[in-house]
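Q:
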Amino acid sequence: MSALFSPTALVVPFENLRMSDVEAVGGKNASLGEMISQLPGGVRVPTGFATTAHAFRQFLAHGGLAQRINARLAALDMEDVRALAAAGAEIRGWVEAQPFPADLEQAIREAFAKLCAGDERASFAVRSSATAEDLPDASFAGQQETFLNVVGIDAVLHKAKEVFASLYNDRAISYRVHKGFAHSDVALSAGVQRMVRSDLGAAGVMFTMDTESGFPDVVFITSSYGLGETVVQGAVNPDEFYVHKPMLQAGKKAVIRRSLGSKLVQMVFNDGERAPGKPLVKTVDVPLEQRNRYSLTDADVEQLARYALVIERHYGRPMDIEWGKDGRDGQLYILQARPETVKSQQGGKAETRYKLKSKGTVLAEGRAIGQKIGTGPVRLVHSIAEMDKVQAGDVLVTDMTDPNWEPVMKRASAIVTNRGGRTCHAAIIARELGIPAVVGCGDATAHLKDGTLVTVSCAQGDTGYIYDGLLETEVTEVQRGEMPPIATKIMMNVGNPQLAFDFAQLPNEGVGLARLEFIINNNIGVHPKAILEYPNVDADLKTAVESVARGHASPRAFYVDKVAEGVATIAAAFWPKPVIVRLSDFKSNEYRKLIGGSRYEPEEENPMLGFRGAARYISADFREAFAMECEALRRVRTEMGLTNVQVMVPFVRTLGQAERVIGLLAQHGLQRGSDELKIIMMCEVPSNAVLAEQFLQHFDGFSIGSNDLTQLTLGLDRDSGLELLAVDFDERDPAVKALLERAIGACKAAGKYVGICGQGPSDHPDFALWLAAQGISSISLNPDSVIATWQRLAEA
């Protein structure tokens, strides 16, 4: 305990509190005091005061209340949900009926008068802070109550009593038992804090790490309009932002990814005549125009991230932080901060990875929480009164959860909700329990039928899927840590930016192939020419373009933004290691599958040999679309500072194409050698190997695309599907190897980079060994074969 107040103090101002006072005022209030008194200037934290644990115990000692409570809890069967509810209600009634001791009431009145400083209509939050709360391995998320928009001393006294009673909420009783805390060992402090008018602005939660992978170099921020309770409770699907810490500290544009939430409702003050029983806050719909734009500017997001870094640095650990933006003064405030309690506690060199061995019909999708897979029968629960329907192994499906649901959440094999983001209550508790959850599905309760057997997968990135049926799952143990030294660099092939933070924690020397196709397919979904021709397109296509481009300045800005964000996410995940980004390599049949694609793409007999690669980029028909791609890459390197991005040009058939595409890239601000930019060519057409020395005059090296090189050398269509042809497709064929030797030798002679990013080394360990023996600079592998291939090369 700090020396700034007496052990018998009943009330303490926040500015006199430090983190050493957790036993006196709980983790939440101690942390507020620590931030107000110890953080560097600039981080705004609203002031207030806290009642002490000594005050709480003195309150319980009156009339033998503590003894009655302990006796009631000692006789309780914790597995009986209904008995737990009855006991909790009875105890809370006892607490609320107990008068405050006169000295405690007087102390609260005096502290409140100082805090108001004559402003009797000022609004306050009355929050609980448990003395065992926010320890690094126990989140106590939402265990006790918070009351908002409390005005006047009488209301503050009343809500402080309700805060005391909330220590005996059903969920709090259950949670203490689950975590091994004795009821009598936990005391409660009521914090009274001046409110930020985020009801007129925005609020949310941020973490100083990625909540799903534990990746430490980002700040993850969620935001929605109005009071932050809607985000914490999971009543809204909020906006999401990722900020890259190294680029933020370097003064670059550091927001690497955004996701527009639906933000259907907001919580605001319920002002006007105050009457007993009248709610102090209310939930209202958000106007459509506001829903369709982000609730924070990039400047706000970066400022919040700076605050987060200051707080993380001060506490020396990953933090979970609530914030609010005041709609009157436009300023950002920190409302509370606590240690992140899940990913930062997971140590060890082994990690369990989950993978679906097959896919099924998708019944619903939302935000993935965790990286596991759960299976079982759907159990639809419409209200807390139906909680006892949930049995061990069920998939709990509901609109949203709140802390009252916790006694049954731990029974579920997975949790699915209509509403909520990755920082809501359901997400926090699911992570802590190690249960996969998919939140913010929108309409899961309409599409999932009670009793249906389903598979809930959180193993495919940010998006979680609920599949029909029980799908087969592969579970593997991945060892992390130091790898033996080898001469050949092991890089990775990465398509999905949502998995980049996770993959980056595997042993690697960077990304040998980052594919734009996944980003365009999944994050954009519309043909680039439809974007460029908007609004002069047919009505259906116009509607589709407007739908995906919500929240962006224009459809063109949307396209550039999304390509840039996808590339930046991968580049940030692996920073400062090289990330070789292949320019889009869709074939015409693949472009046709995008919205509007059939309007712009030819129907080719063999798209493998058609309008693709460099020929497409330099064509007058595609030049404007290619310009958007280049603009995105230039932004990532120059404005966002991620100069580890290198550019790779695929399917360059002739020397003339090589010269023209290099010139075109330069016109679009991607000048070879500028700011150490390297431009690599995919060596995948036999002409590339035959004329390797001449092609290398235009590029900084080769990345061998063994898939196309094999099919073109052997005259096999790898998309044919005929088994007769498939058996002859082998990268280890002598003819293919002869071209590979020539390409590798030419690069080595010129002192230039040569790597390989095809499927062959992932599928054939002996092929990887042969490539290493030829002196190839790097082998880029699928992430699931990195460790095994690395170890084989070390043993060779």
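So the sequence shown is numbered by the working numbering: it starts at 558 and just counts up by one.
Using N, Cα and C, we set each Cβ at its ideal position, and we do this for glycine too.
Computed from a predicted model, the values in this text were never measured in an experiment.
(1) For LEU1098, which residues of its own chain have a beta-carbon under 6 angstroms away from its beta-carbon, when the five flanking residues on both sides are left out?
(2) Which residue marks the beginning of the alpha helix (DSSP H) containing CYS673, and which one marks its end?
(3) Report yes if the C-beta distance between LEU1234 and GLN1203 is below 8 angstroms; otherwise report no.
(4) For ARG1072, does the three-state DSSP call read helix, strand or coil?
(5) Report buried or exposed for THR974, applying the criterion of at least 16 other Cβ atoms within 10 angstroms of its Cβ.
(6) Taking PHE681 as part of the beta strand (DSSP E), name the residues at either end of that continuous run.
(7) Going by DSSP, name the residue or residues bridged to ARG1012.
(8) Is it buried or exposed, ALA1325, if we count other Cβ atoms within 10 angstroms and call 16 or more buried?
(9) With a threshold of 16 other CB atoms inside 10 Å of the CB of ASN726, please say whether the residue is buried or exposed.
(10) Helix, strand or coil: which one does DSSP assign to VAL708?
(11) State yes or no: is the C-beta of VAL788 within less than 8 angstroms of the C-beta of LEU705?
(12) Answer with buried or exposed for PRO836, where buried requires no fewer than 16 other C-beta atoms within 10 angstroms of its C-beta.
(13) For ARG924, which beta-bridge partners are listed by DSSP?
(14) So what does PHE826 bridge to, in DSSP terms?
(15) Here's the rule I'm using: 16 or more other beta-carbon atoms within 10 Å means buried, otherwise exposed. How should ALA581 be labelled?
(16) Alpha carbon to alpha carbon, what distance is there between ILE891 and GLU647?
(17) Is it buried or exposed for GLU846, if we count other Cβ within 10 angstroms and need 16 for buried?
(18) Hey, ASP883 and ARG751: beta-carbon distance below 8 angstroms or not?
(19) Using DSSP with H/G/I as helix, E/B as strand and the rest coil, what is ALA1353?
(20) Can you grab the Cα-Cα spacing for the pair ASP1290 / GLN1331, in whole Å?
(21) Along the chain, where does the beta strand (DSSP E) containing TYR1310 start, and where does it finish?
(22) Check whether the Cβ atoms of GLY818 and VAL858 sit closer than 8 angstroms, and answer yes or no.
(23) Could you check whether the stretch 1011-1018 touches the stretch 921-931, counting it as contact only if at least three pairs of C-beta atoms, one from each stretch, sit closer than 8 angstroms?
(24) Answer with buried or exposed for ASP886, where buried requires no fewer than 16 other C-beta atoms within 10 angstroms of its C-beta.
(25) Measuring CA to CA, which of PRO1064, ASP634, ALA921, LYS1119 is closest to GLY1082?
(26) In the stretch 1220-1253, which residue ranges form an unbroken beta strand (DSSP E) of at least 3 residues, counting only runs that do not cross its ends?
(27) Straight-line CA distance for MET576 to ARG895?
(28) List the endpoints of the continuous alpha helix (DSSP H) containing PRO525.
(29) How is the alpha helix (DSSP H) around ASP1059 delimited, first residue to last?
(30) With burial defined as no fewer than 16 other Cβ atoms inside 10 Å of the residue's Cβ, what is the status of LYS914: buried or exposed?
(31) On the DSSP letters alone, give me the boundaries of the beta strand (DSSP E) that ASP877 sits inside.
(32) Taking the alpha-carbon of ARG910 as reference, which of GLY931, ALA984, ARG1173, ALA612 has the nearest alpha-carbon?
(33) Can you tell which of GLY977, LEU1221, GLY881 has its C-alpha closest to the C-alpha of ALA1177?
(34) Could you name the residues of the same chain whose beta carbon sits closer than 7 angstroms to that of THR1100, not counting the 5 residues immediately before and after it, in chain order?
(35) Determine the direct distance from the alpha carbon of GLY1069 to that of MET1239, and round the result to whole angstroms.
(36) Inspect the CB distances between the stretch 987-999 and the stretch 1025-1037 and report whether three or more fall short of 8 angstroms.
A: Well, looking at it:
(1) Numbered from its first residue, the sequence shown carries residue 1098 at position 541. Cβ within range, chain order: ALA1087, GLY1153.
(2) Within the sequence shown, numbered from 1, the residue matching residue 673 stands at position 116. Where CYS673 is concerned, the enclosing alpha helix (DSSP H) stretches over 659-673.
(3) By 1-based counting over the sequence shown, the position of residue 1234 is 677. By 1-based counting over the sequence shown, the position of residue 1203 is 646. In contact: LEU1234 and GLN1203 (Cβ atoms closer than 8 angstroms).
(4) Looking up residue 1072 in the sequence shown gives position 515. Reduced to three states, the DSSP call for ARG1072 is strand.
(5) Residue numbering aside, residue 974 sits at position 417 when the sequence shown is read from its first letter. So THR974 counts as buried.
(6) As a working mapping, residue 681 is identified with position 124 in the sequence shown. Note, PHE681: beta strand (DSSP E), 681-687.
(7) Position 455 of the sequence shown, counted from the start, is the residue given in the question as residue 1012. According to the sequence provided, residue 1012 is Thr. The question's Arg does not apply to it. BP columns for THR1012 point to THR932, TYR1024.
(8) Taking the sequence shown and counting its residues from 1, the one referred to as residue 1325 is at position 768. So ALA1325 counts as buried.
(9) Counting from 1 along the sequence shown, the entry for residue 726 is found at position 169. ASN726 is buried by the Cβ-count criterion.
(10) Sequence index remark: in the sequence shown, residue 708 carries index 151 (1-based). Correct three-state label for VAL708: coil.
(11) For the purposes of this step, residue 788 is identified with residue 231 of the sequence shown, where counting begins at 1. For the purposes of this step, residue 705 is identified with residue 148 of the sequence shown, where counting begins at 1. Result no, Cβ atoms of VAL788 and LEU705 do not sit closer than 8 angstroms.
(12) By one-based count along the sequence shown, residue 836 stands at place 279. PRO836 should be labelled exposed.
(13) The residue given as residue 924 occupies position 367 in the sequence shown. Bridge partners of ARG924: VAL996, THR1020.
(14) Numbered from its first residue, the sequence shown carries residue 826 at position 269. Answer is VAL838.
(15) Residue 581 sits at position 24 when you count from the first residue of the sequence shown. ALA581 comes out buried.
(16) Counted from its first residue, the sequence shown places residue 647 at position 90. Counted from its first residue, the sequence shown places residue 891 at position 334. For GLU647 and ILE891, the distance between alpha carbons rounds to 36 angstroms.
(17) Position 289 of the sequence shown, counted from the start, is the residue given in the question as residue 846. Answer is exposed; the Cβ neighbour count stays below 16.
(18) Numbered from 1 along the sequence shown, position 326 holds the residue referred to as residue 883. Numbered from 1 along the sequence shown, position 194 holds the residue referred to as residue 751. No, the Cβ-Cβ distance between ASP883 and ARG751 is not below 8 angstroms.
(19) Position 796 of the sequence shown holds residue 1353. Correct three-state label for ALA1353: coil.
(20) The sequence position of residue 1290 within the sequence shown is 733, counting from 1. The sequence position of residue 1331 within the sequence shown is 774, counting from 1. Their Cα atoms are separated by approximately 16 angstroms.
(21) For this step, residue 1310 is matched to residue 753 along the sequence shown. Run containing TYR1310: 1310-1313, per the beta strand (DSSP E) assignment.
(22) Numbered from its first residue, the sequence shown carries residue 818 at position 261. Numbered from its first residue, the sequence shown carries residue 858 at position 301. No, these two residues do not count as a Cβ contact at 8 angstroms.
(23) yes
(24) Locating residue 886 in the sequence shown gives position 329, counting from the first residue. Per the 10 Å Cβ criterion, exposed.
(25) One-based indexing of the sequence shown puts residue 1082 at position 525. Checked all of PRO1064, ASP634, ALA921, LYS1119; the closest Cα to GLY1082 is LYS1119.
(26) 1236-1240
(27) On the sequence shown, residue 576 is found 19 positions in, with the first residue counted as 1. On the sequence shown, residue 895 is found 338 positions in, with the first residue counted as 1. If you take the alpha carbons of MET576 and ARG895, they lie about 11 angstroms apart.
(28) In the structure displayed, the chain extends from 558 to 1353; residue 525 sits before or after that span and is not available.
(29) Along the sequence shown, one-based indexing puts residue 1059 at 502. Run containing ASP1059: 1057-1060, per the alpha helix (DSSP H) assignment.
(30) Taking the first residue of the sequence shown as 1, we reach residue 914 at position 357. LYS914 is exposed by the Cβ-count criterion.
(31) As a working note, residue 877 is residue 320 in the sequence shown. It spans 876-882 - the beta strand (DSSP E) in which ASP877 sits, taken as one unbroken run.
(32) Position 353 of the sequence shown, counted from the start, is the residue given in the question as residue 910. The residue with the shortest Cα to Cα distance from ARG910 is GLY931.
(33) Position 620 of the sequence shown, counting from 1, holds the residue named residue 1177. Nearest C-alpha to ALA1177: LEU1221.
(34) What you label residue 1100 is simply residue 543 of the sequence shown in a count that begins at 1. Same-chain partners within the cutoff: there are none.
(35) Against the sequence shown, residue 1239 aligns to sequence position 682. Against the sequence shown, residue 1069 aligns to sequence position 512. Taking the straight line from one Cα to the other gives about 11 angstroms.
(36) no
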